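Undergrad: Residue numbers (our numbering): -14 to 169. For every residue, glycine included, the Cβ atom is placed at its ideal position computed from N, Cα and C. Since this is a predicted model, take the numbers as computed values, not measurements. Dumping the structure here so I can ask a few things about it.
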């Protein structure tokens, strides 16, 4: 018998002073049996960093034709495609052909750095691609925020990002490895 996904509920309050975005989102996160708490929390963080009324979770972990998160316009065209982890360069190229803007949030310390170095030359040709590296220390620290029902706040100001619940807070350390030069 196949193991089913575990469902997590999150009430996420976002105060993004950099984008002037203030909202509360009631999110349902379905964690695939092979997904770690760390990866699930990175997906939740990327939602907070890119929050929008049309941003939605996709089936990226189980379907190469889907992003981890994406935003579509009213015609169904993909405006923003977000992947987390260390996706295959071929899949990123394909996503760049389908979406106006693609962002990859990589994490995993040395593995993420090596992944980027191995793919950097190919990434430079993808003008609508951005790559952000999340510190392994902060992605692992976000695991302490995991509960089946979460009450979380994300505060963003002057590029500084805090993710917190009532007991713990995590300063998110991120570095931009590549910035999109155009979004069509």
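How close, in whole Å, do the beta carbons of residue 157 and residue 12 come, if the pair is a contact with beta carbons under 8 Å?
TA: Not really, about 17 Å apart at Cβ, beyond 8 Å.
Undergrad: Beta strand (DSSP E) containing residue 41: first to last residue?
TA: Looking at the DSSP string, the run of the beta strand (DSSP E) that includes residue 41 is 40 to 42.
Undergrad: Considering only the alpha carbon of each residue, which of 24, 3, 34 and 4 lies closest to residue -3?
TA: The residue with the shortest Cα to Cα distance from residue -3 is 34.
Undergrad: Distance, Cα to Cα, residue 64 vs residue 88?
TA: Spanning the two alpha carbons is a distance of roughly 11 Å.
Undergrad: What residue does the beta strand (DSSP E) around residue 27 start on, and which one ends it?
TA: Note, residue 27: premise wrong, no beta strand (DSSP E); alpha helix (DSSP H) at 22 to 34.
Undergrad: Measure the C-alpha to C-alpha separation of residue 101 and residue -9 and round it to an integer number of angstroms.
TA: Computed Cα separation, rounded: 31 Å.
Undergrad: In chain order, what are the residue ranges of uninterrupted beta strand (DSSP E) at least 3 long that sit wholly in the segment 55 to 126?
TA: If we require 3 residues or more, the beta strand (DSSP E) runs fully inside the segment 55 to 126 come out as 63 to 69, 84 to 92 and 114 to 119.
Undergrad: Does residue -8 come out as helix, strand or coil in the three-state DSSP assignment?
TA: Correct three-state label for residue -8: strand.
Undergrad: Rounded to a whole number of angstroms, what is the C-alpha to C-alpha distance between residue 137 and residue 27?
TA: Using only the alpha carbons, I get a separation of about 13 Å.
Undergrad: Where do the N-terminal and C-terminal ends of the beta strand (DSSP E) with residue 160 fall, by residue?
TA: Where residue 160 is concerned, the enclosing beta strand (DSSP E) stretches over 159 to 163.
Undergrad: Using DSSP's beta-bridge definition, name the partner residues of residue 13.
TA: Its beta-bridge partners are -6.
Undergrad: Please state the DSSP three-state secondary structure of residue 146.
TA: Reduced to three states, the DSSP call for residue 146 is strand.
Undergrad: Is the beta carbon of residue 128 sitting closer than 9 Å to the one on residue 22?
TA: The answer is yes: Cβ separation under 9 Å.
Undergrad: Using 8 Å as the cut-off, can you tell me whether the segment 149 to 168 makes contact with the segment 107 to 123, which would need three or more C-beta pairs spanning the two stretches below that distance?
TA: Yes, since at least three Cβ pairs between the segment 149 to 168 and the segment 107 to 123 fall closer than 8 Å, the two stretches touch.
Undergrad: Who are the Cβ neighbours of residue 24 in its own chain at under 7 Å, not counting the five residues just before and after it?
TA: Cβ neighbours of residue 24 beyond the five flanking positions: 69 and 70.
Undergrad: Could you check which residue in 99, 120, 78 and 74 has the C-alpha nearest to that of residue 92?
TA: Answer by Cα proximity: 120.
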